[in-house]
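Its first residue numbered 6, the sequence shown is counted upward by one per residue in the numbering used here.
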Amino acid sequence: MKKIFLLLGICTLSFYQSQTNRFIYELQFKADTDQEYRKALMNLDISPKSVKFYDKNFADYDSINKSSSMGNSHFSTRTDQVIERQPNSFKNNWYRDFFEYFVIKTNDEMKWKLLSDTQTYNGYTLQKATTDFGGRQWTAWFSKEIDIQEGPYKFRGLPGLIFIIEDDKKEFIYKLVKNIKLPETYNTKDFVETHYGKAALPISNEKFNKYVEDTYSDPVRMFSNGVKNGGSTFGKETVESLEELNKKKAMLQKGIKSRYIYIEKDKAPKFENN
C-alpha cells in the first residue's frame with residue numbers, strides 16, 4: 006500500500022536545520038460514552054529546539070492574520086491541550102486559556118509497556134504499547150520506521166513516532182492523518198507562548214483548579230463590571246442589570262463546567278453540585 010505521509014525527508018540530520026516537521030492529528034473526544042464526539046485537528050510541530058502541540062486552527066488563523074492587512078483574527082483553544090517542551094524531554098509547559106492565560110510546568114514521564122501486537126496503518130507497520138497517565142489507561146500504536154520519539158499532547162518516549170493513541174474508554178482518540186515539512190521553524194509566539202500578546206501567568210495546577218472552581222461558584226462576579234459599564238453580551242442577548250445577570254448564573258456555570266473535557270482526570274477541577 007502506498008504510504009500517505011511524506012516522511013522520506015525526516016531523519017536525524019533534519020533536526021540540525023531550521024525547518025519544522027508538522028504532524029497533524031485528528032482528535033475525537035467526549036466526556037463519557039453517552040455523548041457525541043467533539044472533533045478537532047491538532048498540530049504537532051517538531052523543530053530543532055522545541056516540540057509544540059496545539060489546535061490546528063491557531064495556525065490557520067495565524068496564516069490569515071499574516072496575509073491580511075487587518076491581522077486581528079483570534080482563536081481560543083477548544084481542547085485545553087496547548088503544550089510546549091524541548092526535544093527528548095518529558096518536562097512540559099502546559100498553556101491554559103480560561104479567561105486569563107496561564108502556564109503550568111509539569112513533569113510527565115511515562116512508563117510504557119511494549120507489546121508484540123502489530124497492525125498496518127496506511128502502509129506503516131505499527132507496534133502496540135500501553136501506559137497509565139492522567140488517571141486513564143492508554144493504548145498507543147507507534148512506528149519504528151519513523152525515528153522520532155514523540156506523539157500528540159504529552160505522549161512521547163516510545164522508540165518511534167506515535168500514529169494512534171486512545172484511552173481504554175475511547176473518550177480520547179488521536180490518529181495521525183497528515184505530515185507537512187515547513188522550510189523554517191514555525192513561529193508560535195502569538196498563540197502558544199502568549200495569547201495574542203497576553204503573557205502567560207505561571208501557576209500551579211492546584212491554584213489553576215481553585216481559580217476555575219471559584220469562577221464556577223460565583224461566575225456573575227466576573228461579568229458584573231461589564232454590566233455596570235453598559236452591559237455584557239451573552240450569545241445574542243445583552244444583559245444590562247445585575248439582576249438580569251444573576252438570572253444567568255446557571256447558564257454561566259454550565260458553560261464553565263462544559264468548556265473543556267479534561268484529558269488528565271487526576272488533575273481536573275472539582276465542581277460543586279447544584
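All C-beta atoms in this analysis are idealised placements derived from N, C-alpha and C, irrespective of residue type, glycine included.
Per-residue DSSP class, three states only, for residue i
i    : result
G240 : Per-residue confidence for G240 stands at a pLDDT of 48, beneath the threshold of 50, marking its modelled position as unreliable; the derived number appears in the next sentence. It is coil, neither helix nor strand.
K175 : coil
E218 : helix
D195 : helix
N48  : strand
R141 : strand
E249 : helix
F276 : coil
K118 : strand
Nearest-angstrom Cα separation, counted from residue j out to residue i
i    : j    : result
D271 : R141 : 9 angstroms
P164 : G139 : 21 angstroms
K254 : K203 : 27 angstroms
Q132 : I151 : 12 angstroms
E218 : K149 : 43 angstroms
Y59  : T82  : 8 angstroms
K194 : P53  : 16 angstroms
N210 : W143 : 22 angstroms
A273 : N214 : 7 angstroms
T135 : E248 : 52 angstroms
I266 : D37  : 10 angstroms
H200 : G260 : 21 angstroms
W117 : Y179 : 17 angstroms
S78  : K61  : 14 angstroms
S23  : T190 : 5 angstroms
L119 : E89  : 26 angstroms
I170 : T84  : 16 angstroms
I51  : T130 : 22 angstroms
I208 : R43  : 28 angstroms
Range of the contiguous beta strand (DSSP E) that encloses residue i
i    : result
R31  : The amino acid occupying residue 31 in the given sequence is Glu; Arg does not appear at that position. Here the beta strand (DSSP E) through E31 covers 25 to 34.
D152 : Taken as a continuous stretch (DSSP letters only), D152 belongs to no beta strand (DSSP E), as it is neither H nor E.
L163 : Unbroken run through L163: none, as it is neither H nor E.
Q40  : That residue, Q40, is in no beta strand (DSSP E); it is neither H nor E in DSSP.
S81  : Per DSSP, S81 belongs to no beta strand (DSSP E) and is neither H nor E.
Y201 : Run containing Y201: none; DSSP gives neither H nor E here.
Boundaries of the alpha helix (DSSP H) in which residue i is found, first to last residue
i    : result
D102 : Taken as a continuous stretch (DSSP letters only), D102 belongs to no alpha helix (DSSP H), being part of the beta strand (DSSP E) at 96 to 103.
K257 : Per the sequence shown, the amino acid found at residue 257 is Leu instead of Lys. Run containing L257: 254 to 263, per the alpha helix (DSSP H) assignment.
A64  : 61 to 72
Per DSSP, cross-strand counterpart(s) of residue i
i    : result
K270 : DSSP, once it has assigned bridges, lists no residue as partnering K270.
R90  : V56, N97
I109 : W99
T125 : T130
T190 : The partner list for T190 (beta bridge, DSSP) is empty, contrary to what the question assumes.
N210 : DSSP output for N210 lists no bridge partner at all.
Min CB distance residue i to chain D below 8 angstroms
i    : result
W117 : No chain D is present in this structure, which holds just one protein chain.
Contact the region 169 to 186 vs the region 29 to 39: 3+ CB pairs below 8 angstroms: yes
Indicate whether the contact test is met: 3 or more Cβ pairs, each with one atom in the region 39 to 53 and one in the region 150 to 167, closer than 8 angstroms. yes
If you pair each beta-carbon of the region 105 to 112 with each one of the region 63 to 73, do three or more pairs fall below 8 angstroms? no
Answer yes if the region 117 to 135 comes into contact with the region 94 to 105, meaning at least three C-beta pairs across the two stretches below 8 angstroms, and no otherwise. In short, these stretches do not touch, since the Cβ pair count stays below three.
Taking contact to mean at least 3 C-beta pairs separated by less than 8 angstroms, is the region 167 to 177 in contact with the region 111 to 120? no
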